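Numbering (this note's numbering), first residue to last: 52 to 305.
Structure, rendered in structure tokens:
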């Protein structure tokens, strides 16, 4: 199951237009189309293939995280002057982004730290220092930590909420397994197996191992738990995939 980190970033930025866009659409690709079409540049052409969509997504992240004109020009493969115009159009269409960046940095300068959605702090003393390079780095850290740290908060809360719901609804089921420690051929004993267990947390993805007969029930629990983990201005749609192995997952819809 996947959260959309871009949707979370938009929620934290809290730009009115960004929220309106993301509430109207559920798929990340459509979100990117909506954002890029507003600024009317050739960057919209980047949405042709999966690889190019990934590139466009990184550009959107870059704009939210405060990417400079030179770096944006390299991403778009255009002259720096074109990138400057792109940024101006983007900021005009979504003023909440620029406001979020400036307010986050200013607040960090005042109090010496930034906070995630659930109140975890990261102290950045270099943001008020005299070293310009370290100061700029701390400013980027202030923004990134607020968004990415909050994404981690959401994932952790989702894991706890899902576990609570799974433990209440999907009880353990006994099965017969072979215990190699007995060294007795054919010796089997009763053990308890979880109907659904968390295997891995990777960025905005949670990977669960689920018994075949409980798949759809577990999917509904996991999806709702991830979507309801926190209350945000922008909904966090969750994409669900199932399969017999990590490499054979196929998306399903409910």
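We put the beta carbon where it would ideally sit given N, CA and C, even for glycine. Fair warning: this is a prediction, and the values are worked out from it, not measured in the lab.
Does residue 173 come out as helix, strand or coil in the three-state DSSP assignment? Here residue 173 sits in strand by DSSP.
Backbone CA spacing between residue 299 and residue 165 [nearest angstrom]: Approximately 40 Å between the Cα atoms of the pair.
Report the three-state DSSP secondary structure of residue 253 (helix, strand or coil). Residue 253: strand per DSSP, three-state reduction.
Taking the straight line between their C-alpha atoms, what separation do you get for residue 172 and residue 204? Each residue's alpha carbon lies about 12 Å from the other.
Rounded straight-line distance, which links the Cα of residue 201 to that of residue 169: Going from the Cα of residue 169 to the Cα of residue 201 covers about 7 Å.
Counting contacts by CB-CB distance shorter than 8 Å, is residue 189 in contact with chain D? Protein chains in the displayed structure number just one, and chain D is not present.
Quick check on the DSSP output: the alpha helix (DSSP H) that includes residue 190 runs from which residue to which? It spans 183-220 - the alpha helix (DSSP H) in which residue 190 sits, taken as one unbroken run.
Any contact of the stretch 172-187 with the stretch 129-142, i.e. 3+ C-beta pairs under 8 Å? The stretch 172-187 is not in contact with the stretch 129-142.
How about residue 278 and residue 289: are their beta carbons less than 8 Å apart? Yes. Within cutoff.
Helix, strand or coil, according to DSSP, for residue 166 in the structure here? Residue 166: strand per DSSP, three-state reduction.
My output table needs one value for residue 299: the three-state DSSP class, helix, strand or coil. Helix, per DSSP.
For residue 262, name the three-state secondary structure that DSSP assigns. Of the three classes helix, strand and coil, the one that applies to residue 262 here is coil, per DSSP.
With 16 other CB atoms within 10 Å as the buried threshold, where does residue 167 fall? By the neighbour-count rule (16 or more Cβ atoms within 10 Å), residue 167 is buried.
For residue 287, is the beta carbon positioned less than 7 Å from some heavy atom of the ligand ZN? By its list of ligands, the structure shown contains no ligand whatsoever, and the ligand ZN lies outside what it can speak to.
Just to confirm the assignment, what range does the beta strand (DSSP E) spanning residue 292 have? 291-293 is the extent of the beta strand (DSSP E) around residue 292.
Length of the line joining the Cα atoms of residue 122 and residue 260: Roughly 41 Å separates the two Cα atoms.
Is the stretch 207-224 touching the stretch 247-254, taking contact as three or more C-beta pairs under 8 Å? These segments touch.
Let's see if you can read the secondary structure: which residues bound the alpha helix (DSSP H) around residue 123? From DSSP, the alpha helix (DSSP H) with residue 123 extends over 120-127.
Compare the beta carbon distance of residue 297 and residue 257 with 8 Å and say whether it is the shorter of the two. No, they are not a contact pair.
Since residue 305 and residue 274 should fall inside the 8 Å C-beta cutoff, what is the C-beta to C-beta distance between them, to a whole number of angstroms? Sure, about 7 Å apart at Cβ, within 8 Å.
Exposure label - residue 179; buried when at least 16 CB within 10 Å: So residue 179 ends up on the exposed side.
The alpha helix (DSSP H) enclosing residue 281, as first and last residue numbers: Annotation: residue 281 is outside any alpha helix (DSSP H) and is labelled neither H nor E by DSSP.
Using alpha carbons as the reference points, say which of 291, 188, 207, 209 lies closest to residue 119. Selected option, being the one with the closest Cα: 188.
Leaving out five residues on either side along the sequence, give the residues of the same chain with a beta carbon under 7 Å from the beta carbon of residue 281. 168, 205, 208, listed in sequence order.
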